[in-house]
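Chemist: For the working numbering, add 41 to where a residue sits in the sequence shown, where the first one is 1. Glycine included, every Cβ here is placed at the ideal spot set by N, Cα and C.
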Amino acid sequence: MSFSEPAGTTALSPSGARLTVEPISAAEHLAFVRAQRSVSFLQTPAWGHVKTEWRAESLGWRSGGRLVGAGLVLHRRIPRLERFTLAYLPEGPVIDWTGGIGAWLDPLAARLKAHGAFAIRLGPPVRTNTWSAAQVKEGIADPRVQRLTDLPGRLADPVGLGVTGALRDAGWLPRSPRDGFGVGHPQFTYEIPLAGRTEDDLIRGMNQLWRRNIKKAAREGVEVTVGDDLKAFHDLYVHTAERDHFTPRPLRYFETMFAALRAEDPERIRLYLARHQGDLVAATVLVRVGAHAWYAYGASSTEKREVRGSNACQWAMIRDSLAAGCDVYDLRGITPTLDADDPHVGLIQFKVGTGGQAVRSVGEWDLPLRPVVYRAFDYYMRRREHRGGGGR
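Right, here's the structure in full:
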């Protein structure tokens with residue numbers, strides 16, 4: 042399987058059926074998403090309206106005229122390389138990753154190269170390893186363990202291992218950094234399985250601190266509501282960014298995000314606001330596609346932290362995700378460090394208290410379609426990140 046000189050935009054699937062890649066309408070793309078049990082919100086047509094600095098298109102894979110796969114492709118031109126674009130499929134595409142992936146990715150590469158892409162970046166929604174909360178806790182307590190990958194994980198997922206090997210053999214280049222975070226999306230995440238569980242099951246699965254904080258928020262009279270006051274959320278979010286030293290997104294970004302996702306599905310995105318005696322003490326954003334729910338953004342006040350508004354918001358989102366029939370509540374990215382002296386370990390300690398599991402995915406990979414242009418792009422990005430200008 043090689044993508045260096047794709048000959049066309051069709052290929053044979055493992056079953057022998059011919060796969061063809063072509064543009065599809067947003068309506069057809071959305072109908073395909075709705076027919077799936079779980080699709081990343083980053084692979085919905087609406088996400089293309091959120092990422093205004095990129096040009097978005099929906100591509101579909103057809104077999105015998107039937108739509109069998111879909112992907113949101115974000116195109117971005119690079120300074121001084123205006124003729125070409127980076128084609129990015131975040132947490133996608135939505136295809137059958139269990140068989141020979143060349144039948145799916147060969148025609149994608151041919152199509153994108155023919156239309157001006159110098160490289161493809163994608164992030165297969167496929168996991169390679171999981172670690173239970175108990176395993177993670179043991180690792181943090183053991184000074185010999187520095188990273189999640191030092192732990193004996195559960196049986197490695199054969200699909201994820203197969204995809205990793207197939208991508209590497211086909212000339213794709215891994216992009217996921219060692220610390221789990223980079224300019225793309227995280228390779229390590231934390232999630233709470235919900236399928237077949239009750240609220241009591243979930244509470245029992247949490248550690249004592251989480252249970253105590255949820256009870257304390259209720260005892261203190263913290264009220265969590267679902268609302269639309271994005272300005273109040275954003276003010277608190279900016280306060281959080283100043284306290285925790287990260288660069289906040291502008292209010293306009295959230296206004297665009299809520300408008301785009303709600304236009305696609307009124308229940309796609311929700312804003313949770315936790316108030317104590319009229320004061321906003323925490324706020325969170327929940328996104329749901331099918332049976333998968335994500336904690337997307339959060340903010341909290343420095344004052345009144347003792348009333349545990351953040352725990353109250355999380356518990357409200359978990360309960361609502363369970364009631365909506367979700368299979369998983371996704372707490373998004375973590376770094377894989379388990380070193381007690383690493384400042385990043387606090388993030389995984391907070392999330393491991395929910396009793397869920399740490400997950401490692403295949404990560405993001407690049408396929409250079411025009412190697413000379415790709416090398417120039419890679420050099421540009423390295424210089425940009427060195428100057429502190431990285432990120433999307």
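(1) What residue does the beta strand (DSSP E) around Gln355 start on, and which one ends it?
(2) For Arg59, count the other beta carbons within 10 Å of its own beta carbon; 16 or more makes it buried, fewer makes it exposed. Which is it?
(3) Which residue spans inside the region 148-191 form an unbroken beta strand (DSSP E) run of at least 3?
(4) What are the complete alpha helix (DSSP H) segments, minimum 4 residues, inside the region 383-408?
(5) What is the rounded straight-line gap between the Cα of Leu235 and the Cα of Lys345?
(6) Where does Glu98 sit, in a helix, a strand or coil, going by DSSP?
(7) From the DSSP output, in three-state form, read off Glu69 for me.
(8) So, Trp406 versus Leu163, is the Cβ gap smaller than 8 Å?
(9) Cβ of Ala447 within 8 Å of Cβ of Leu410?
(10) Can you check which of these residues, Arg284, Asp285 and Asp276, is closest to Phe295 by C-alpha distance?
(11) Would you mind sorting Asp320 into buried or exposed? The rule is 16 or more other CB atoms within 10 Å of its CB.
(12) Contact check, Pro227 vs Gly374 under 8 Å by CB: the rounded distance?
(13) DSSP state of Asp198, grouped into three classes?
(14) So within the region 224-301, which uninterrupted beta strand (DSSP E) runs reach at least 3 residues, ignoring any that extend past its ends?
(15) First and last residue of the beta strand (DSSP E) that includes Trp335?
(16) Does the separation of the CB atoms of Leu149 and Val62 fall below 8 Å?
(17) Would you say Met247 and Thr395 are within 8 Å of each other, going by their C-beta atoms?
(18) Let's test the definition: count the other Cβ atoms within 10 Å of the Cβ of Gln398 and tell me whether it reaches 16, buried, or not, exposed.
(19) Give me, in chain order, the residues of the same chain whose beta-carbon lies closer than 6 Å to that of Val177; leave out the 5 immediate sequence neighbours on both sides.
(20) What span of residues does the alpha helix (DSSP H) with Gly89 cover, start to end?
(21) Which of the three DSSP states, helix, strand or coil, is assigned to Val80?
(22) Out of Gly331, His333 and Thr325, which one is the CA nearest neighbour of Ala357?
(23) Report the rounded CA-to-CA distance for Phe82 versus Ile310, giving the unit in angstroms.
(24) Note down the Cα distance separating Thr126 from Ala97, rounded to an integer number of angstroms.
(25) What does a CB cutoff of less than 8 Å around Ala48 pick up in its chain, not counting 5 residues either side in sequence?
(26) Which word fits Ala87, buried or exposed, when buried means at least 16 other C-beta atoms lie within 10 angstroms of its C-beta?
(27) Could you tell me the alpha carbon to alpha carbon distance between Arg433 and Ala72, rounded to whole angstroms?
(28) Check whether the Cβ atoms of Ser104 and Leu113 sit closer than 8 Å, and answer yes or no.
(29) On the DSSP bridge assignment, give the partners of Glu63 in chain order.
(30) What's the call for Phe287, buried or exposed, on a 16-neighbour Cβ count within 10 Å?
Modeler: So, to answer that:
(1) No beta strand (DSSP E) contains Gln355, which is instead part of the alpha helix (DSSP H) from Gly350 to Ala364.
(2) Taking a 10 Å sphere around the C-beta of Arg59, we find fewer than 16 other C-beta atoms and assign the residue as exposed.
(3) The beta strand (DSSP E) runs lying completely inside the region 148-191 and spanning 3 residues or more are 158-163 and 168-173, given in chain order.
(4) You should have 386-393.
(5) Spanning the two alpha carbons is a distance of roughly 31 Å.
(6) Under the three-state reduction of DSSP output, Glu98 falls in the strand class.
(7) In the structure shown, Glu69 sits in a helix (DSSP, three-state: H, G or I).
(8) When the beta-carbon positions are compared, Trp406 and Leu163 come within less than 8 Å of each other.
(9) The shown model of the chain, from 42 to 433, leaves out residue 447, and the question about it has no answer.
(10) A check of alpha carbon separations from Phe295 across Arg284, Asp285 and Asp276 identifies Asp276 as the nearest.
(11) Exposed: under 16 other Cβ atoms inside 10 Å.
(12) Indeed, because the Cβ distance is near 3 Å, the residues count as touching under 8 Å.
(13) Reduced to three states, the DSSP call for Asp198 is coil.
(14) Fully enclosed beta strand (DSSP E) runs of 3 or longer: 229-234 and 264-268.
(15) Segment His333 to Ser341, the beta strand (DSSP E) holding Trp335.
(16) In this structure, Leu149 places its C-beta atom within 8 Å of the C-beta atom of Val62.
(17) Result yes, Cβ atoms of Met247 and Thr395 sit closer than 8 Å.
(18) It is buried - the Cβ of Gln398 has at least 16 other Cβ atoms within 10 Å.
(19) Val393 and Ala399.
(20) Segment Trp88 to Val91, the alpha helix (DSSP H) holding Gly89.
(21) Coil, per DSSP.
(22) The candidate whose alpha carbon is nearest that of Ala357 is Thr325.
(23) Rounded to whole angstroms, Phe82 to Ile310 spans 10 Å at the Cα level.
(24) Thr126 and Ala97: Cα-Cα distance of roughly 12 Å.
(25) Summary for Ala48: the model assigns pLDDT 36, below 50, so the residue's position carries little reliability, and this model does not support an answer.
(26) Its Cβ being crowded by 16 or more others within 10 Å, Ala87 is buried.
(27) Per-residue confidence for Arg433 stands at a pLDDT of 35, beneath the threshold of 50, marking its modelled position as unreliable; no derived number is given.
(28) No, they are not a contact pair.
(29) Beta-bridge partners of Glu63 (DSSP): Gly101.
(30) Around the Cβ of Phe287, a 10 Å sphere holds fewer than 16 other Cβ atoms; the residue is exposed.
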